[in-house]
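Novice: Residues 1 to 348 in full-length UniProt numbering are what the sequence shown spells out, letter by letter.
All residues carry an ideal CB built from backbone N, CA and C; glycine is no exception.
As the structure is a prediction and not an experimental result, all values here were calculated from the model.
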Amino acid sequence: QTFQSRAASEAPAGDNDPASSSLSLDSDCIDPEPSQLGRRDYWQRFYGQELANYLDEAAANDEEGGSGDDRGEVWFGAAAEQRLVSYVERRLNAIRDACPTQQLAVVDIGCGNGHLALRLAANSHLLTGLSRLLCLDYSEPAIELTNRLASKAGVSDLVIARLLDVTEPGAAASALEFLRAPDSNIHYPNLLLLDKGTYDAISLCPDNSQGKRFAYRQFAVKLLDSVANSNNQLVVASCNWTETELIAQFSDQFKHVETLPVIKKSRMSATVTEKLVPESEVTRLVIECMRWAGADSTHAARLAEILLSADRRGHYSHGINRLDVYVRDVRAGVTQGSGEPAILKETA
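Shown next, in the form of structure tokens:
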């Protein structure tokens, strides 16, 4: 979904208490089930592993004269990422048509391994007017990995990654400082905020996800309003919220501009959601997947139970997320207590 910040004169009638109004809009939506994917310590561990993988492969390449590197996970897949790249290109074309000399700064909210920003940087020769790619994340290993990859790709003058929790007080002011560094007199007349899954992750936080979503929206609107241009935009890609739910949650301080094309679900996703495959067959498929990952049938059966409990919107995608995390934990050897993968300590 694409949003623009509302001017004060466009605030909805009767909106005397924006915070109260925003939280009440949230309360009308059914929250996804809390998950490890909403916890900072999970992402510290996840990107710590990605950083370690990258460093190990880089060291091996140095020894063997190779040139490849492990860039980590592409969240939501390459197709979703390409849609965002195409949207940035379209936005730049619109800016050039209006004023050929104006520049665009892009902020990647929750950049992870920086894959989206690096993809944009790799296409910068086609994206005339793209002057700054600011990557924000609250995971230190994610920031280090992004900066290392940007340096390796020779785009560290365009891509900068900085540690920031956008739900913390003062986050918008910090992001603006990062954008303008090293020259505080720099002003970007056009600003585009991109979010590929971060609002989803915040929504899965076990601790006050509603309050954190409100803080996220406050961050976005303050950052957009810090640049005097009514056409600045926020683009949110989500798999946990419907179009209607997203528009409702952002409607107090943003106006909806457009909906980008939806990524079609895979055959397995649609099949399991609609329960067209017998439960015993789903269980067999999950067990097969888990055995490939090195797990045993007991853990696999519990994950099958999670997937088959998709009795309302959000449960299925949450189950798939758990399945993905489980595979990663097993492959990384991450365990707790009795040896059960960490993700299963959080019972559905």
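(1) Let me know the secondary structure DSSP gives S174 once reduced to three states.
(2) Assuming N2 contacts E258 (C-beta within less than 8 Å), just tell me the rounded distance between them.
(3) Look up V155 in the DSSP assignment and say whether it is helix, strand or coil.
(4) Assign W241 to one of two classes, buried (16 or more other C-beta atoms within 10 Å of its C-beta) or exposed (fewer than that).
(5) Can the beta-carbon of A201 be found less than 8 Å from the beta-carbon of L84?
(6) Look at the Cβ atom of V74, then the Cβ atom of H125, and state whether they are nearer than 8 Å.
(7) Considering only the alpha carbon of each residue, which of N232, N231 and I247 lies closest to S238?
(8) How many Å lie between A78 and L104 at the Cα?
(9) Just to confirm my understanding: we take A171, look at its own chain, exclude 5 residues before and 5 after, and list those with CB closer than 7 Å. What are they?
(10) Are D137 and G154 touching if we call contact CB-CB under 8 Å?
(11) Is it true that the CB of I95 sits closer than 8 Å to the CB of L134?
(12) Rounded to a whole number of angstroms, what is the C-alpha to C-alpha distance between S209 and Y216?
(13) From the DSSP output, which residues share a beta bridge with T198?
(14) Give the DSSP-derived three-state secondary structure of T259 in the structure shown.
(15) State the DSSP-derived secondary structure class of N93, mapped to helix, strand or coil.
(16) How long is the line joining the alpha carbons of L260 and R45, rounded to whole angstroms?
(17) Compute the Euclidean distance between the alpha carbons of L234 and D195, then round it to the nearest angstrom.
(18) How far does the beta strand (DSSP E) with T2 in it reach, from first residue to last?
(19) Going by alpha carbons, who is nearest to L55 out of L145, T244 and P182?
(20) Could you compute how far the alpha carbon of E168 sits from the alpha carbon of N147?
(21) What first and last residue would you give for the alpha helix (DSSP H) that runs through Q249?
(22) Between A173 and V107, is the Cβ-Cβ spacing less than 8 Å?
(23) Once you ignore the five residues that flank H187 on each side, which residues in its own chain have a CB closer than 8 Å to its CB?
(24) Might you give, ordered along the chain, the residues of its own chain that have their beta carbon closer than 6 Å to the beta carbon of R132, omitting 5 neighbours on each side?
(25) Leaving out five residues before and five after A122 in sequence, what residues of the same chain have Cβ atoms less than 8 Å from its Cβ?
(26) Classify S131 as helix, strand or coil using the three-state DSSP reduction.
(27) Tell me which same chain residues have a C-beta within less than 6 Å of the C-beta of F178, skipping the five on either side of it?
(28) Checking the sheet assignment: what are the DSSP bridge partners for I160?
(29) Would you call the CB atoms of residue 349 and N190 closer than 8 Å?
(30) State yes or no: is the C-beta of L130 within less than 8 Å of the C-beta of L92?
(31) Helix, strand or coil for D31 per DSSP?
(32) Looking at the secondary structure, which residues open and close the alpha helix (DSSP H) in which V221 lies?
(33) Suppose contacts are defined by Cβ-Cβ distances below 8 Å. Is L149 in contact with L118 by that definition?
Specialist: Per the coordinate set shown:
(1) Locating residue 174 in the sequence shown gives position 174, counting from the first residue. Assignment of S174 by DSSP, reduced to helix, strand and coil, places it in the helix class.
(2) Sequence index remark: in the sequence shown, residue 2 carries index 2 (1-based). Sequence index remark: in the sequence shown, residue 258 carries index 258 (1-based). In the sequence as displayed, the identity of residue 2 is Thr instead of Asn. Contact flag correct, Cβ pair sits at about 5 Å.
(3) By one-based count along the sequence shown, residue 155 stands at place 155. In the three-state reduction of the DSSP assignment, V155 falls in the coil class, being assigned neither a helical nor a strand state.
(4) Counting from one through the sequence shown, the residue named residue 241 turns up at place 241. The C-beta of W241 has 16 or more other C-beta atoms within 10 Å across all chains shown, which makes the residue buried.
(5) Reading the sequence shown from its first residue, position 201 is the one you call residue 201. Reading the sequence shown from its first residue, position 84 is the one you call residue 84. No, the pair does not count as a contact, with Cβ atoms beyond the cut-off.
(6) Here the question's residue 74 lines up with position 74 in the sequence shown. Here the question's residue 125 lines up with position 125 in the sequence shown. No, Cβ-Cβ distance for V74 and H125 is not below 8 Å.
(7) Walking along the sequence shown from the start, residue 238 turns up at place 238. The residue with the shortest Cα to Cα distance from S238 is I247.
(8) Within the sequence shown, the letter at position 78 stands for residue 78. Within the sequence shown, the letter at position 104 stands for residue 104. Roughly 23 Å between the two C-alpha positions.
(9) Taking the sequence shown and counting its residues from 1, the one referred to as residue 171 is at position 171. The residues are L164, D165 and F219.
(10) What you label residue 137 is simply residue 137 of the sequence shown in a count that begins at 1. What you label residue 154 is simply residue 154 of the sequence shown in a count that begins at 1. Cβ distance not < 8 Å, so D137 and G154 don't count as in contact.
(11) For the purposes of this step, residue 134 is taken as residue 134 along the sequence shown, with counting starting at 1. For the purposes of this step, residue 95 is taken as residue 95 along the sequence shown, with counting starting at 1. Their beta carbons are not under 8 Å apart, which means L134 does not touch I95 by this criterion.
(12) Taking the first residue of the sequence shown as position 1, residue 209 is located at position 209. Taking the first residue of the sequence shown as position 1, residue 216 is located at position 216. S209 and Y216 have their C-alpha atoms some 10 Å from each other.
(13) Taking the sequence shown and counting its residues from 1, one reaches residue 198 at position 198. BP columns for T198 are empty, so no partner.
(14) As a first step, residue 259 must be located in the sequence shown, where it is residue number 259. Coil, per DSSP.
(15) Against the sequence shown, residue 93 aligns to sequence position 93. Of the three classes helix, strand and coil, the one that applies to N93 here is helix, per DSSP.
(16) Taking the first residue of the sequence shown as position 1, residue 260 is located at position 260. Taking the first residue of the sequence shown as position 1, residue 45 is located at position 45. In this structure, the straight-line span from the alpha carbon of L260 to that of R45 is close to 32 Å.
(17) Within the sequence shown, the letter at position 234 stands for residue 234. Within the sequence shown, the letter at position 195 stands for residue 195. One C-alpha to the other measures close to 8 Å.
(18) By 1-based counting over the sequence shown, the position of residue 2 is 2. First-last of the beta strand (DSSP E) with T2: T2 to S5.
(19) As a first step, residue 55 is located in the sequence shown; it is residue number 55 there, counting from the start. For L55, the nearest C-alpha among the options comes from L145.
(20) As a first step, residue 168 must be located in the sequence shown, where it is residue number 168. As a first step, residue 147 must be located in the sequence shown, where it is residue number 147. Cα-Cα distance, rounded: 23 Å.
(21) Locating residue 249 in the sequence shown gives position 249, counting from the first residue. Unbroken alpha helix (DSSP H) run through Q249: E243 to F250.
(22) The residue given as residue 173 occupies position 173 in the sequence shown. The residue given as residue 107 occupies position 107 in the sequence shown. Taking 8 Å as the Cβ cut-off, A173 and V107 do not qualify as a contacting pair.
(23) Counted from its first residue, the sequence shown places residue 187 at position 187. Once the five neighbours on either side are set aside, the close Cβ partners of H187 are R180 and V227.
(24) Here residue 132 refers to the residue found at position 132 of the sequence shown. Within the same chain, R132 has close Cβ partners A105.
(25) Residue mapping note: residue 122 aligns to position 122 of the sequence shown, counting from 1. The answer, listed in chain order, is A153 and V155.
(26) For this step, residue 131 is matched to residue 131 along the sequence shown. Of the three classes helix, strand and coil, the one that applies to S131 here is strand, per DSSP.
(27) As a working mapping, residue 178 is identified with position 178 in the sequence shown. Scanning its chain for C-beta atoms nearer than 6 Å, with the 5 sequence neighbours on each side dropped, one finds around F178 the residues L134 and R162, in chain order.
(28) Your numbering for residue 160 matches position 160 in the sequence shown. L134, per the DSSP bridge assignment.
(29) In this structure the chain extends from 1 to 348, so residue 349 is not present and cannot be described.
(30) On the sequence shown, position 130 is the one that residue 130 refers to. On the sequence shown, position 92 is the one that residue 92 refers to. Contact flag set, yes.
(31) Numbered from 1 along the sequence shown, position 31 holds the residue referred to as residue 31. Residue state, collapsed to three classes: coil.
(32) For the purposes of this step, residue 221 is taken as the residue at position 221 of the sequence shown. Boundaries of the alpha helix (DSSP H) around V221: S209 to D225.
(33) If you number the sequence shown from 1, residue 149 lands on position 149. If you number the sequence shown from 1, residue 118 lands on position 118. Yes, the Cβ-Cβ distance between L149 and L118 is below 8 Å.
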